[in-house]
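Engineer: FYI, the numbering for the sequence shown is 0 to 214, going by numbering that gives the first Met the number 0.
Ideal Cβ placement from N, Cα and C applies to all residues, glycine included.
Source: prediction; values computed, not measured.
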Amino acid sequence: MAPSASKICACGHDNGRSLRYPAPVRKKPSREAAPAPANDELDDAALFREAIGADRGKVRTLPEAPPPPAAPKPKPSAKMARRDEDTARDEFRHAVIAALEAGDILSYRTEGVSPQVLKRLARGEYAAQEELDLHGLPAQAAEALLREFLRDCRAHGVGCVRIVHGKGRNSEERLPVLKNLVDRVLRHRADVLAFHSPPAAQGGSGAVLVLLEKR
0 MAPSASKICA CGHDNGRSLR YPAPVRKKPS REAAPAPAND ELDDAALFRE AIGADRGKVR
60 TLPEAPPPPA APKPKPSAKM ARRDEDTARD EFRHAVIAAL EAGDILSYRT EGVSPQVLKR
120 LARGEYAAQE ELDLHGLPAQ AAEALLREFL RDCRAHGVGC VRIVHGKGRN SEERLPVLKN
180 LVDRVLRHRA DVLAFHSPPA AQGGSGAVLV LLEKR
């Protein structure tokens, strides 16, 4: 009698024997590539690394610092400014004195007076009838006295006078103040015909001979 086919029960056992099925193969999950970070994420990461010093160990060239501003020049003190002003004043005074001493002869004539008259005055050929000495007087007093003297001389018909003004070398500023004053006053008077510094024997550059218009 042929053996009967074994019956397989629902639980998978047949006749006391177990059937072994192969174990199912479990597939390992595939590792998919992570999505690339967005540009914003890259920028944030770079900024973060720079902030925490992630690049330390690398030589980085720092930008050159701008040169420091030049120190301001010190302002001259009041004492220095005063000294410079005094020096400039002294230099100017010496220049004026040198110019006056180089040409300190007073000379003037009106259009109607011949040049020969000036030459005769320079040689002292006109005798002075009156004389006024202003040497050593203050400028204001000297000017008032000079104007009065010239007025009186013309009123009395005096034609030639001598005025002593000095050379001004002993004045406080070493300038011929009175000499310049006499020159200015004489040039602006209509009754003055001519004047010239006389020879040294008659006062030289410290005096002046004046020809006045007679009434």
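(1) Is the Cβ-Cβ distance between L208 and H195 less than 7 Å?
(2) Between G205 and the rest of its own chain, which residues show a CB-CB distance below 7 Å, the 5 nearest in sequence each way excluded?
(3) With DSSP as the reference, please indicate the residues paired to R108 in a beta bridge.
(4) Based on the DSSP output, what are the partners of D132 in its beta bridges?
(5) Once the 5 residues before and after E130 are set aside, which same chain residues still bring their CB inside 6 Å of it?
(6) May I ask you to list the residues that DSSP assigns as paired with A206?
(7) Taking only three categories from DSSP, how would you classify L174?
(8) Could you tell me whether the segment 105 to 124 touches the segment 143 to 154, using the rule of 3 or more Cβ pairs below 8 Å?
(9) Ends of the alpha helix (DSSP H) at P114?
(10) Report yes if the C-beta distance between G135 and P197 is below 7 Å; otherwise report no.
(11) Could you check the C-alpha separation between T118 and A193 for me, to the nearest Å?
(12) Looking only at its chain, what residues have a beta carbon closer than 8 Å to the beta carbon of A154, apart from the 5 residues adjacent to it on each side?
(13) Under 8 Å Cβ to Cβ from A200, same chain only, skipping five residues before and after it: list those, please.
(14) Counting along the chain, where does the alpha helix (DSSP H) carrying Q139 start and finish?
(15) Tell me whether the beta-carbon of V176 lies closer than 7 Å to the beta-carbon of L185.
(16) If you draw a straight line from the C-alpha of A69 to the C-alpha of R82, how long is it?
(17) If we count the other Cβ atoms within 10 Å of its Cβ and call it buried at 16 or more, is G156 buried or exposed?
(18) Using the rule of at least 16 other Cβ atoms within 10 Å of the residue's Cβ for burial, across every protein chain shown, is G203 buried or exposed?
(19) Report the rounded CA-to-CA distance for P114 versus D132, giving the unit in angstroms.
(20) For the candidate residues P65, A138, S106, whose alpha-carbon lies nearest to that of D182?
Structural biologist: Quick answer:
(1) On the sequence shown, position 209 is the one that residue 208 refers to. On the sequence shown, position 196 is the one that residue 195 refers to. Contact check for L208 against H195 passes: the beta carbons are separated by less than 7 Å.
(2) Here the question's residue 205 lines up with position 206 in the sequence shown. Excluding sequence neighbours, G205 sits near V163, H164, G165, K166.
(3) The residue you call residue 108 lines up with position 109 of the sequence shown. A193, per the DSSP bridge assignment.
(4) The residue labelled residue 132 in the question sits at position 133 within the sequence shown. Note: D132 sits in a beta bridge opposite V163.
(5) Translated into the one-based positions of the sequence shown, residue 130 becomes position 131. Hits under 6 Å: R161.
(6) Numbered from 1 along the sequence shown, position 207 holds the residue referred to as residue 206. Paired residues: V163.
(7) Your numbering for residue 174 matches position 175 in the sequence shown. Note: L174 maps to coil in three-state DSSP.
(8) no
(9) The residue you call residue 114 lines up with position 115 of the sequence shown. That run of the alpha helix (DSSP H) goes 114 to 121.
(10) Residue numbering aside, residue 135 sits at position 136 when the sequence shown is read from its first letter. Residue numbering aside, residue 197 sits at position 198 when the sequence shown is read from its first letter. The answer is no: Cβ separation not under 7 Å.
(11) Taking the first residue of the sequence shown as position 1, residue 118 is located at position 119. Taking the first residue of the sequence shown as position 1, residue 193 is located at position 194. Contrary to the premise, residue 118 reads as Lys rather than Thr in this sequence. Cα to Cα, K118 sits roughly 11 Å from A193.
(12) Along the sequence shown, one-based indexing puts residue 154 at 155. Around A154: R214.
(13) Within the sequence shown, residue 200 is the residue found at index 201, counting from 1. Within the same chain, A200 has close Cβ partners G123.
(14) Here residue 139 corresponds to residue number 140 of the sequence shown, with the count starting at 1. Where Q139 is concerned, the enclosing alpha helix (DSSP H) starts and stops at 138 to 154.
(15) Numbered from 1 along the sequence shown, position 177 holds the residue referred to as residue 176. Numbered from 1 along the sequence shown, position 186 holds the residue referred to as residue 185. Not in contact: V176 and L185 (Cβ atoms no closer than 7 Å).
(16) What you label residue 69 is simply residue 70 of the sequence shown in a count that begins at 1. What you label residue 82 is simply residue 83 of the sequence shown in a count that begins at 1. In a straight line, the C-alpha of A69 is about 27 Å away from that of R82.
(17) Taking the sequence shown and counting its residues from 1, the one referred to as residue 156 is at position 157. G156 is exposed by the Cβ-count criterion.
(18) Residue numbering aside, residue 203 sits at position 204 when the sequence shown is read from its first letter. Flag for G203 reads exposed.
(19) Mapped onto the sequence shown, residue 114 falls at position 115. Mapped onto the sequence shown, residue 132 falls at position 133. Whole-angstrom Cα-Cα distance: 27 Å.
(20) One-based indexing of the sequence shown puts residue 182 at position 183. Of P65, A138, S106, the residue nearest in Cα terms is S106.
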